[in-house]
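Just so you know, full-length UniProt numbering puts 69 at position 69 of the sequence shown, and the rest follows in order with no gaps.
Even glycine gets a Cβ: it sits at the ideal position worked out from N, Cα and C.
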Amino acid sequence: MDFAPARMFTRHFDKVGVPYEKWGARELSGRLPAVDTGRYFPPRPVDDEEFFADASRRPHPRAQSSADADR
Numbered sequence: 001m002d003f004a005p006a007r008m009f010t011r012h013f014d015k016v017g018v019p020y021e022k023w024g025a026r027e028l029s030g031r032l033p034a035v036d037t038g039r040y041f042p043p044r045p046v047d048d049e050e051f052f053a054d055a056s057r058r059p060h061p062r063a064q065s066s067a068d069a070d071r
């Protein structure tokens, strides 16, 4: 299930000319090794026994990166 399809915001980037790259899970973890690319789904309330469970091993499929993000 994709709660925030990338196209919802990349179409705006395209329209105004913001450069960005599409990264797959492998590139995301390679470029940002401190980022946990696991999935924490489904959402759980804080009183659920599994709230603090580790992420699933199935990596998040993609990310967007903009060279202008730090400006």
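**Prompt:** By how many angstroms is the C-alpha of Ser65 removed from the C-alpha of Asp14?
**Reply:** 13 Å
**Message:** What does the alpha-carbon distance come out to for the pair Arg7 and Lys22?
**Reply:** 11 Å
**DSSP state of Gly30 mapped onto helix, strand, coil** = helix
**Request:** Express the C-alpha separation of Asp36 and Glu27 in angstroms, rounding to a whole number.
**Result:** 13 Å
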